[in-house]
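Residue numbers (this note's numbering), protein chains in the order written: chain A, 533 to 883; chain B, 22 to 356.
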Amino acid sequence: MSAFTTSDPRDRGGPAQPLLTVEGLRKHFPVRGGLLNRQVATVQAVDDVSFSVRKGETLGIVGESGCGKSTTARLLMRLIEPDAGDVVFDGDPVGDRHGITVNAMRRQMQMVFQDSYSSLNPRMTMAESIAYAPRMHGVSARESLSRAEDLLAQVGLNPRQYARRYPHELSGGQRQRVNIARALALEPRLVILDEAVSALDKSIEAQVLNLLSELKARFNLTYLFISHDLNVVEYVSDRVLVMYLGRVVETGPVESIYARPRHPYTRALFASKPTLDPDRRTTEMPLTGDPPNPINPPSGCRFRTRCSFAQAVCAELVPPLAAPLDGQDDGGAHLVACHVPAAQEAMALHA
Amino acid sequence: MPDAIPLQPPALRIENLTVRFRRRNLDVAAVNGVSFSLARGETLTILGESGSGKSVSLKALMGLLPNYARTEGQVWLDGRSVLDMPPAELAKLRGGAISMIFQEPMAALDPVYTIGAQIAETIVQHEGIGRGAAMKRALDLLDHVKIPSAARRLKNYPHELSGGMRQRAMIALALACSPSVLLADEPTTALDVTVQIQILLLLRQLQEELGMAIVFVTHDVGAAAEISDRIAVMYAGRFVETATAREIMRTPKHPYTQGLLSSTVHGGLRGRVLETIQGSPPNLAQLPPGCAFAPRCRYAADICTTGEVPVTIAPTGAMVRCVRAVPVPAQEVPA
Chain A
533 MSAFTTSDPR
543 DRGGPAQPLL
553 TVEGLRKHFP
563 VRGGLLNRQV
573 ATVQAVDDVS
583 FSVRKGETLG
593 IVGESGCGKS
603 TTARLLMRLI
613 EPDAGDVVFD
623 GDPVGDRHGI
633 TVNAMRRQMQ
643 MVFQDSYSSL
653 NPRMTMAESI
663 AYAPRMHGVS
673 ARESLSRAED
683 LLAQVGLNPR
693 QYARRYPHEL
703 SGGQRQRVNI
713 ARALALEPRL
723 VILDEAVSAL
733 DKSIEAQVLN
743 LLSELKARFN
753 LTYLFISHDL
763 NVVEYVSDRV
773 LVMYLGRVVE
783 TGPVESIYAR
793 PRHPYTRALF
803 ASKPTLDPDR
813 RTTEMPLTGD
823 PPNPINPPSG
833 CRFRTRCSFA
843 QAVCAELVPP
853 LAAPLDGQDD
863 GGAHLVACHV
873 PAAQEAMALH
883 A
Chain B
22 MPDAIPLQPP
32 ALRIENLTVR
42 FRRRNLDVAA
52 VNGVSFSLAR
62 GETLTILGES
72 GSGKSVSLKA
82 LMGLLPNYAR
92 TEGQVWLDGR
102 SVLDMPPAEL
112 AKLRGGAISM
122 IFQEPMAALD
132 PVYTIGAQIA
142 ETIVQHEGIG
152 RGAAMKRALD
162 LLDHVKIPSA
172 ARRLKNYPHE
182 LSGGMRQRAM
192 IALALACSPS
202 VLLADEPTTA
212 LDVTVQIQIL
222 LLLRQLQEEL
232 GMAIVFVTHD
242 VGAAAEISDR
252 IAVMYAGRFV
262 ETATAREIMR
272 TPKHPYTQGL
282 LSSTVHGGLR
292 GRVLETIQGS
302 PPNLAQLPPG
312 CAFAPRCRYA
322 ADICTTGEVP
332 VTIAPTGAMV
342 RCVRAVPVPA
352 QEVPA
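Here it is as structure tokens:
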């Protein structure tokens, strides 16, 4: 699935160079209030997030609400400005004098959102919506409309039937197919799917997941797949990034993350998954309470307030993302941010 | 007609419930003949996709549908017929013997009253006891649903609580008058996984302690497997299959149930193309004749689109609404 086979004329650095590298990404939102509307607090939505996406792979990002996964996606697309951090697209620093502009990056990086309805203009037909971005990037009206019809066919919607329809005339699954077609209209190399299948019914979700995997092979795409659904992430991803309260807590190949998680949070997250087997129901709560508020998160390790292994050091130092303490790091691919060897050991044994 | 009431009437019994929405030239058949009965201490999950009629069924039981909805059929709560009750008597029942929890607690809780005041009001209204005593009961209830520092939370407004905590507060409110039936409409859908499992475990535990019957509505196969004794799979306003949770998860009989389970994604399917149900659910204003699932069914034959679909009931009580379930064993059909 992850093999990068056909040569792409847009490929610059070769297969070994990551398509996207993110270094130290940070976004703190001010919370204003009080008499003079002064800043009273900060939401640390994304704090020092670094990762890379290899060419042709699917990187899954999982975490609960408020963990910063969607903010990360919006920062990458520059829908919001990061406070700090470097983004490098296929060797070119984005927004840098020596690299490529944000616009040039957006041509190669597109996004699909969760809400299929609000992400389409209700006054544009499907064909117009899909043709809009190519038009803005200088393609002729006729050419972009014909490309739109072709794309509708590619996502399994008959253009003769759907090209002139408006968003309200389509079902949720069909609208999401249109959103995918629109994301592909500029022939991007990386597609960010932000909870793109989460709002769909199960039978429709499976159809769209099949479509995504077909399109990936056909158009030589790389996916950044963001979801709270652990099952879907395990199904689609080659590598997984687990986030908690704005930080990366663990990352690695999907098999190794799901079979041998080392971080107590990753382990608890997976243990919270319903079992699908009435004879082996969950009997103990993996975690109690809700995730803490990202305003004033705990010092040091942000998970320590819910962690049964927490020690004094966890409150003082932010644990760095490093190889697991047992040394089995899958050739440097598996990284975990946890201070406590006992915790990591117990986690791996449990799994 | 109502026959002799058995010694221990089921907590909830429903016969042939139908709901139609009629407005001007539109006639939508949302629920098309649903029957089931439920004993105290038992959990039935209604599993279905959006538009299958699962939430409408619950709202019909509570008499919460708008006035252009036409509800027919029979509903007995603890042996008393509900649908023909005068509104005043029904109002006494709601929040008393039967109560409901929702997906969105913010919409179910009143934002301008504290949690404690809302729970106490329900108790005062239904049981006529004093406010002070009711407040004490409210405190017990918050303890019961495991809200930490309950005494302080009693004085909180809904917006001051986290999502999982609000869900617990709503459950406490629903349980305030020890209902014999609790209707749960997707109560875990909007929650994070780590909180969802907490709420499922809480409901299971509360049921063990209090013994109420639960009707749990969800689209999530995982949640259904965690909480149900029996599962009813709903499609286009009908139950297409009813069986124990174990039977549904292990040996689903109806092609729709099979499709629903096989399109439920899990990691074991990595690298494989998912088996999907083709097409999308039918328009409830124009249901196809015969089996409503036939247009999407891979086994559909001519017989499926003519006439009523026969219902087969196994000795175990498992029900399937499919022509294939009648004459031949399922294995003879080519995969």
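By construction, the Cβ of each residue, glycine as well, lies at the ideal position given by its N, Cα and C atoms. Predicted model only: the values in this text are computed from it and were never measured.
- Taking 8 Å as the cut-off, the beta carbon of V774 (chain A) is found closer than this to the beta carbon of V594 (chain A).
- For S58 (chain B), the nearest beta carbon of chain A is not closer than 8 Å to its own beta carbon.
- Within the model, the alpha-carbon separation for I334 (chain B) versus K274 (chain B) is close to 12 Å.
- Distance from the Cα of L557 (chain A) is smallest, within the candidate group A:S745, A:L607, A:I789, A:Q876, for A:L607.
- S678 (chain A): member of the alpha helix (DSSP H) spanning 673 to 686, first to last residue.
- Following the DSSP letters along the chain, one finds P829 (chain A) in no alpha helix (DSSP H), marked with neither H nor E.
- Closest by C-alpha distance to P276 (chain B), out of B:G292, B:M255, B:I168, is B:M255.
- Distance check between L652 (chain A) and each of A:Y790, A:A713, A:G631 places A:A713 closest, using alpha-carbon atoms only.
- Linking K113 (chain B) to P208 (chain B) through their CA atoms gives a straight-line distance of about 24 Å.
- By the Cβ rule, the segment 751 to 771 of chain A does not count as touching the segment 809 to 822 of chain A, because fewer than three pairs are nearer than 8 Å.
- One thing to note: A245 (chain B) has its Cβ within 8 Å of the Cβ of T66 (chain B).
- With contacts defined as CB atoms closer than 8 Å, Q843 (chain A) and V872 (chain A) qualify as a contacting pair.
- A check of alpha carbon separations from R319 (chain B) across B:E181, B:G300, B:L308, B:L305 identifies B:G300 as the nearest.
- Under the Cβ criterion (8 Å, minimum of three pairs), the segment 44 to 58 of chain B counts as touching the segment 72 to 85 of chain B.
- As computed with DSSP, E555 (chain A) is found in a beta bridge with A:D618.
- Any Cβ of chain B closer than 8 Å to the Cβ of P829 (chain A) would place that residue at the interface, and such an atom is absent.
- As summarised for the segment 789 to 863 of chain A, the continuous alpha helix (DSSP H) elements at least 4 residues long and confined to that stretch are 796 to 803, 844 to 848, given in chain order.
- Neighbours of A738 (chain A) in chain B, taken as residues whose beta carbon is under 7 Å from its own, are S284, V286, L295, T297 in chain order.
- Under the 10 Å beta carbon count, G859 (chain A) is surrounded by fewer than 16 other beta carbons and is classified as exposed.
- By the CB criterion at 8 Å, D241 (chain B) and S597 (chain A) fall outside the cutoff.
- Close to chain B, meaning a Cβ-Cβ distance shorter than 7 Å, are the following residues of the segment 685 to 713 of chain A: S703, G705.
- Of the other Cβ atoms in all chains shown, fewer than 16 fall within 10 Å of the Cβ of D105 (chain B); this residue is therefore exposed.
- Per DSSP, V765 (chain A) is one residue of the alpha helix (DSSP H) stretching across 762 to 768.
- By the Cβ-count criterion, H669 (chain A) is exposed, with fewer than 16 other Cβ atoms from all chains shown falling within 10 Å of its own Cβ.
- Identification of residues in the segment 585 to 605 of chain A having a C-beta nearer than 8 Å to some C-beta of chain B yields E596, S597, given in sequence order.
- Chain B places no beta carbon closer than 8 Å to that of E555 (chain A), leaving this residue out of the contacts.
- For chain B, the residues of the segment 752 to 767 of chain A that bring a beta carbon within less than 9 Å of one of its beta carbons are H760, D761, L762, N763, V764, V765, E766, Y767, in chain order.
- A Cβ-Cβ contact shorter than 8 Å links A865 (chain A) with P785 (chain A).
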